[in-house]
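Quick note on numbering: the UniProt record's numbering labels position 290 of the sequence shown as 290, and the sequence is numbered without any gaps.
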Amino acid sequence: MNEQPELSLRVASRRLVAEDILAFDLVESNGGLLPAFEPGAHINLHLPGGHIRSYSLYGRPDERDRYRIAVLRAEDGRGGSKVVHDALQNGDVVMTSAPANCFALVEAPMTWLFAGGIGITPLICMAWSMWLRGRRFALHYCARSALKMAFRDELANLPFADSVHLHFNDDVLPLDPASALRESASEAHVYTCGPAGFIDWIEQAARSVGIAGSQLHHERFSGETDSSGPEFEVYLATSKRRLPVRPGETMLEAITRAGISVNAVCEQGVCGACLTPVLDGKPDHRDQVLTDEEREANRLVALCCSRSFSTCLTLDL
Numbered sequence: 001m002n003e004q005p006e007l008s009l010r011v012a013s014r015r016l017v018a019e020d021i022l023a024f025d026l027v028e029s030n031g032g033l034l035p036a037f038e039p040g041a042h043i044n045l046h047l048p049g050g051h052i053r054s055y056s057l058y059g060r061p062d063e064r065d066r067y068r069i070a071v072l073r074a075e076d077g078r079g080g081s082k083v084v085h086d087a088l089q090n091g092d093v094v095m096t097s098a099p100a101n102c103f104a105l106v107e108a109p110m111t112w113l114f115a116g117g118i119g120i121t122p123l124i125c126m127a128w129s130m131w132l133r134g135r136r137f138a139l140h141y142c143a144r145s146a147l148k149m150a151f152r153d154e155l156a157n158l159p160f161a162d163s164v165h166l167h168f169n170d171d172v173l174p175l176d177p178a179s180a181l182r183e184s185a186s187e188a189h190v191y192t193c194g195p196a197g198f199i200d201w202i203e204q205a206a207r208s209v210g211i212a213g214s215q216l217h218h219e220r221f222s223g224e225t226d227s228s229g230p231e232f233e234v235y236l237a238t239s240k241r242r243l244p245v246r247p248g249e250t251m252l253e254a255i256t257r258a259g260i261s262v263n264a265v266c267e268q269g270v271c272g273a274c275l276t277p278v279l280d281g282k283p284d285h286r287d288q289v290l291t292d293e294e295r296e297a298n299r300l301v302a303l304c305c306s307r308s309f310s311t312c313l314t315l316d317l
């Protein structure tokens, strides 16, 4: 991971907002205004032990005095969330990136927001944006139980609370996404964030009522990378270097091994930090960031997980 931090932020508050979920307010160390951000944006925290982790901003997009993030403690994760929970205390200073956005809103007559678990974070920010601009939207938030639903009480008291619908696993009348989406299928855009199975369920329902793939947008928590496949070559057009990518090795690993610095964060194909322009060749896309249309265009490739159908892939590096 080669990203350099840009901001020095101080933990202004930390609070428990659900079982195993902590929310943090981060302010500029010297009390100044922070860079503006758009709904769906995230920041990358540089944590003790060399961890870099991406967390969505859930606060109002017109707030400039603080960034708000919420972190679920994942016992079976890669360790970053445990560091945040155990080491990040009030008053601590943490280095972060400036906000970046791989999950941006587009203008639409109707916007549907579907959150699973901690996937609520970017969608709260989107809901604020919709409400502030007077746009039509609905937010459906699913969790296993009330104890695991972050911001449950706060959501009930927001100015757009009548557009928020909460769902639990044991509901007598569970969420039926197809029925909800059917009324505005031709004009709606759908944003989903959460576990892979949840996203697949929502998007399958959306497609079943005629919502096109171009109207579907998602952000996943994490992915499982598969680096299997035969050896191929990458040609770095700017550096004028040819590098072999071995079986079981990612392009990111091969490029880093050659001493070339590449921006990368999640290394699981979900954050988009390592997306790199493709100049020639046909990538074997294995990420969870690019849309079907973007994959067919073959203009970008995620170095941390994808491989190549071509014997040589030319990259703008």
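Glycine included, every Cβ here is placed at the ideal spot set by N, Cα and C.
Computed from a predicted structure; not experimentally measured.
Residue span of the beta strand (DSSP E) that contains residue i, given as start and end
i	result
S56	I52 to S56
I69	Y67 to L72
P244	R241 to V245
L166	V164 to F168
S8	L7 to A18
A23	I21 to E28
Short Cβ contact (8 Å threshold) for residue i with residue j
i	j	result
V11	G119	no
I43	P99	yes
H189	H165	no
S214	A178	no
A273	N263	yes
P283	E219	no
S310	F232	yes
Y58	C142	no
V93	L47	no
L113	F137	yes
Start and end residues, alpha helix (DSSP H) containing residue i
i	result
G197	A196 to S208
V84	G80 to A87
A115	Premise fails: A115 lies in the beta strand (DSSP E), M110 to G116, not in any alpha helix (DSSP H).
P122	I120 to L132
L155	R152 to A156
R299	That residue, R299, is in no alpha helix (DSSP H); it is neither H nor E in DSSP.
Assigned exposure category for residue i - 16 Cβ within 10 Å defines buried
i	result
L16	exposed
P159	exposed
L33	exposed
| field | Three or more C-beta pairs below 8 Å linking the region 236-253 and the region 116-131 | value | no
| With contact counted as at least three CB pairs below 8 Å, one residue from each stretch, are the region 106-115 and the region 52-68 in contact? | Contact fails: fewer than three Cβ-Cβ distances are below 8 Å.
| Curious, which full-length beta strand (DSSP E) runs of at least 3 residues does the region 249-289 contain? | 275-280
| task | Spell out a yes or no on whether the region 297-306 and the region 268-288 are touching, meaning 3 or more CB-CB pairs, one atom from each, closer than 8 Å. | result | yes
| message | Below 8 Å, how does it come out for the region 19-38 and the region 63-72: are there three or more Cβ pairs, yes or no? | response | yes
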